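Per full-length UniProt numbering, the sequence shown starts with residue 1, numbered consecutively. Here the structure is laid out as structure tokens; the discussion comes afterwards.
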Amino acid sequence: MENMKINEKILQRLESYDEEVQEIIKKGISYTERAQLTRVKNRLSRDIEKMAKESM
């Protein structure tokens with residue numbers, strides 16, 4: 001529940017910026033999310049390879 005309050009505060013703050021700034025922030029957030037996904041995929045791949053090598 002506390003997390004929702006924080007998110008609402010952030011959203012209200014973002015909405016106070018003009019459209020151009022909002023777009024830049026949205027792009028930054030999406031790049032960050034993609035980077036996190038890539039990191040997770042790479043980690044899973046390494047773990048799977050390690051498990052495969054150990055089982056041979």
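Think of the CB as a built atom: it goes at the ideal place given N, C-alpha and C, for glycine as much as any other residue. In this text, all values refer to a predicted model and were calculated from it rather than measured experimentally.
query	result
Going by beta-carbon coordinates alone, are V14 and I25 separated by less than 8 Å?	Residue identity check: residue 14 is Leu in the sequence provided, not Val. Cβ distance < 8 Å, so L14 and I25 count as in contact.
When DSSP labels each residue in this structure, what does M56 get in the three-state scheme?	coil
Whole angstroms is fine: what's the gap from G28's alpha carbon to R43's?	23 Å
Which of helix, strand or coil does DSSP assign to S16?	coil
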